[in-house]
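S.K.: Once you've had a glance at the structure underneath, I'll fire off some questions.
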Ligand SMILES: *[C@@H]1O[C@H](CO)[C@@H](O)[C@H](O)[C@H]1NC(C)=O
Ligand SMILES: *[C@@H]1O[C@H](CO)[C@@H](O)[C@H](O)[C@H]1NC(C)=O
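Residue numbers (our numbering): 13 to 427.
This is the structure we're talking about:
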């Protein structure tokens, strides 16, 4: 480590600090003025770029401002991890672009639900992607009372359970309404509502029960620790009320939740999220502090949470961005810690593998761009992703365009 020696050193350190502060202020100003005057994609840019002063102070230490030896600030791409290049093939795009939608795969079909089309418009229908002939089709409506984003969702292979979520565009309130879809008859039925509504809770079927845990509380920001379950079978609730289960060690939305080998895993996610601007008649989204995590928690027979090795870097917005193949979790993209200087949201452009045999994480490839909240499927050796929000470009990992594109690559797992 280089230490400043004597008076000269500390004077130089002060100069560096002052210039850093100046740079940050200028960046802040430029960016604040650009976000109020931006034109194309402005809805989503402001959703993701606008920082308002927040009363919610971070619970975690802020990431340290990093600088290289000459005192220059980090490039915007600092968070990218090295990984093999993959050959991605662009497929037929989804009928609509969507952000914060939901998806589950049943055999060769990917059912894609809801999501924001723009920050002011949410979808209320389902689109289906057929992995056999790589086409979209089979559009049908969702129930009117069903949430449009931040849903909990899971399937048993025929029935799709749809739990709570945000109702409406911008940063509107959540609903506790819960539904089940029979994918064979396309019939929807009501399920007992969650005891209180949540945003993007971790949701899975485990040992005959529908488990719902974490997420954000009713104000969209506060991390919830509660965990409930409901006995279900063939699309029917076997109980009238949700049972209280062991709370999760860390709350918050946008995590992957996976059952494998009769164990339940909760991966990544964040604490904090955008909130409705107080008094805004349209519940306009305003950014708050978020802290992103890479923790892996696991529940087994003991019904006590255990912690496994964390992801290579913090990763959130991955609730439908995973598949389970050959005893490995594969996770596509997401968001990581905000940029330490610009404070902008930073997207991930890696494909991660967690091998359950070795409990080791690796980066098995790079995406065609960084992207968050993708909807992911796996069929016949191909890894697919669609939807979400991509970066501004190779040198700028901040979120920009909401996409409906579909990409696939031949998946090759490392041993
Ligand atoms: C998916 O595509 C295959 C091949 O074209 C077709 O046989 C099958 O019926 C399709 N499935 C659905 C549900 O449309
Ligand atoms: C999964 O394992 C099988 C058998 O070892 C192998 O043939 C296949 O390539 C593996 N799949 C992936 C995606 O690596």
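No residue lacks a Cβ here, since even glycine has one placed at the ideal position from N, Cα and C.
Using DSSP with H/G/I as helix, E/B as strand and the rest coil, what is residue 367?
M.R.: As a working mapping, residue 367 is identified with position 355 in the chain shown. Note: residue 367 maps to strand in three-state DSSP.
S.K.: Closer than 7 Å: is that where the CB of residue 169 sits relative to any heavy atom of ligand 1?
M.R.: Start at 1 with the first residue of the chain shown, and residue 169 comes out as number 157. For ligand 1, not one heavy atom lies less than 7 Å from the Cβ of residue 169.
S.K.: Between the stretch 169 to 176 and the stretch 204 to 222, can you find at least three pairs of beta-carbon atoms closer than 8 Å?
M.R.: Enough Cβ pairs lie closer than 8 Å, so yes.
S.K.: Can you have a look at residue 186 and say buried or exposed, based on whether 16 or more other CB atoms are within 10 angstroms of its CB?
M.R.: Walking along the chain shown from the start, residue 186 turns up at place 174. Classification for residue 186: buried.
S.K.: Quick one: grab the DSSP three-state call for residue 411.
M.R.: Mapped onto the chain shown, residue 411 falls at position 399. Three-state result, residue 411: strand.
S.K.: Is residue 339 near residue 322, with beta carbons less than 8 Å apart?
M.R.: Translated into positions along the chain shown, residue 339 becomes position 327. Translated into positions along the chain shown, residue 322 becomes position 310. Contact: no.
S.K.: I'd like the span of the beta strand (DSSP E) that includes residue 202, first residue to last.
M.R.: Position 190 of the chain shown, counted from the first residue, corresponds to residue 202. From DSSP, the beta strand (DSSP E) with residue 202 extends over 199 to 203.
S.K.: When a residue counts only if its C-beta is closer than 5 Å to some heavy atom of ligand 2, which residues count, in chain order?
M.R.: Spelled out in chain order, the answer is 338, 423, 425.
S.K.: Is any non-hydrogen atom of ligand 3 found closer than 7 Å to the C-beta of residue 121, if you look at the structure I gave you?
M.R.: This structure lacks ligand 3; its bound ligands are ligand 1 and ligand 2.
S.K.: What does DSSP give as the partner residues of residue 342 in its beta bridges?
M.R.: On the chain shown, position 330 is the one that residue 342 refers to. In DSSP, residue 342 forms a bridge with 335, 365.
S.K.: Can you list, in chain order, the residues of its chain with a C-beta nearer than 8 Å to that of residue 378? Leave out the 5 residues immediately preceding and following it.
M.R.: Mapped onto the chain shown, residue 378 falls at position 366. Only 95, 96, 97, 98, 361, 362, 363 meet the Cβ criterion.
S.K.: Between which residues of its own chain and residue 8 is the CB-CB distance below 6 Å, once the five residues before and five after are set aside?
M.R.: Since the first residue of the chain shown is 13 and the last is 427, residue 8 is not available in this structure.
S.K.: Compute every distance between the C-beta of residue 195 and the non-hydrogen atoms of ligand 1, then say whether any falls below 7 Å.
M.R.: As a first step, residue 195 must be located in the chain shown, where it is residue number 183. No, ligand 1 has no heavy atom inside 7 Å of this Cβ.
S.K.: Assess contact between the stretch 241 to 254 and the stretch 221 to 229, defined as three or more Cβ pairs (one per stretch) separated by less than 8 Å. Is contact present?
M.R.: In short, these stretches touch, since the Cβ pair count reaches three.
S.K.: Residues with a Cβ closer than 5 Å to any heavy atom of ligand 1, in chain order?
M.R.: Having a Cβ closer than 5 Å to some heavy atom of ligand 1 are 142, 144, 145.
S.K.: Buried or exposed: where does residue 201 fall if 16 or more other Cβ atoms within 10 Å of its Cβ makes it buried?
M.R.: Taking the first residue of the chain shown as position 1, residue 201 is located at position 189. Classification for residue 201: exposed.
S.K.: In whole angstroms, what is the alpha-carbon distance linking residue 123 and residue 218?
M.R.: Numbered from its first residue, the chain shown carries residue 123 at position 111. Numbered from its first residue, the chain shown carries residue 218 at position 206. The alpha-carbon atoms of residue 123 and residue 218 are separated by roughly 21 Å.
S.K.: By the DSSP assignment, the beta strand (DSSP E) with residue 93 in it spans what residues?
M.R.: Your numbering for residue 93 matches position 81 in the chain shown. Taken as a continuous stretch (DSSP letters only), residue 93 belongs to no beta strand (DSSP E), as it is neither H nor E.
S.K.: Closer than 8 Å is the cut-off here; do at least three beta carbon pairs connect the stretch 339 to 356 with the stretch 289 to 296?
M.R.: Contact fails: fewer than three Cβ-Cβ distances are below 8 Å.
S.K.: From the DSSP output, read off the bridge partner residues of residue 328.
M.R.: The sequence position of residue 328 within the chain shown is 316, counting from 1. BP columns for residue 328 point to 347.
S.K.: Could you check the C-alpha separation between residue 319 and residue 259 for me, to the nearest Å?
M.R.: Position 307 of the chain shown, counting from 1, holds the residue named residue 319. Position 247 of the chain shown, counting from 1, holds the residue named residue 259. Whole-angstrom Cα-Cα distance: 14 Å.
S.K.: Please state whether DSSP places residue 144 in a helix, a strand or coil.
M.R.: Counting from one through the chain shown, the residue named residue 144 turns up at place 132. Residue 144: coil per DSSP, three-state reduction.
S.K.: Are the beta-carbon atoms of residue 359 and residue 325 separated by less than 8 Å?
M.R.: Numbered from its first residue, the chain shown carries residue 359 at position 347. Numbered from its first residue, the chain shown carries residue 325 at position 313. Against a cut-off of 8 Å, the Cβ pair of residue 325 and residue 359 comes out as no contact.
S.K.: Apart from the five residues on each side of it in sequence, which residues of its chain come closer than 6 Å, Cβ to Cβ, to residue 228?
M.R.: Residue mapping note: residue 228 aligns to position 216 of the chain shown, counting from 1. Correct list, in chain order: 211, 265, 285.
S.K.: In the DSSP assignment, find the beta strand (DSSP E) that holds residue 11 and state where it starts and stops.
M.R.: Lying before the first or after the last residue shown, residue 11 is absent from the chain, which here runs from 13 to 427.
S.K.: Just confirm the distance between the C-beta atoms of residue 116 and residue 167, as a whole number of angstroms; I'd bet it's less than 8 Å.
M.R.: Here the question's residue 116 lines up with position 104 in the chain shown. Here the question's residue 167 lines up with position 155 in the chain shown. Right, the Cβ-Cβ distance comes to about 4 Å (below 8 Å), so this counts as a contact.
S.K.: Is the distance from the Cβ of residue 276 to the Cβ of residue 311 below 8 Å?
M.R.: The residue given as residue 276 occupies position 264 in the chain shown. The residue given as residue 311 occupies position 299 in the chain shown. Cβ atoms of residue 276 and residue 311: closer than 8 Å.
S.K.: Comparing alpha-carbon positions, which option in 154, 158, 261, 402 lies nearest residue 415?
M.R.: For the purposes of this step, residue 415 is taken as residue 403 along the chain shown, with counting starting at 1. When each option's Cα is compared against that of residue 415, the closest is 402.
S.K.: Who are the near neighbours of residue 369 in its chain, counting only those whose CB is closer than 7 Å to its CB and skipping five residues on each side?
M.R.: What you label residue 369 is simply residue 357 of the chain shown in a count that begins at 1. So the list reads 339, once near-sequence residues are dropped.
S.K.: For residue 203, count neighbouring Cβ atoms within 10 angstroms of its own Cβ and tell me buried if that reaches 16, exposed if not.
M.R.: Counting from 1 along the chain shown, the entry for residue 203 is found at position 191. With 16 or more other Cβ atoms within 10 Å, it is buried.
S.K.: Report the rounded CA-to-CA distance for residue 405 versus residue 423, giving the unit in angstroms.
M.R.: Position 393 of the chain shown, counting from 1, holds the residue named residue 405. Position 411 of the chain shown, counting from 1, holds the residue named residue 423. Looking at the two C-alpha atoms, the distance is approximately 24 Å.
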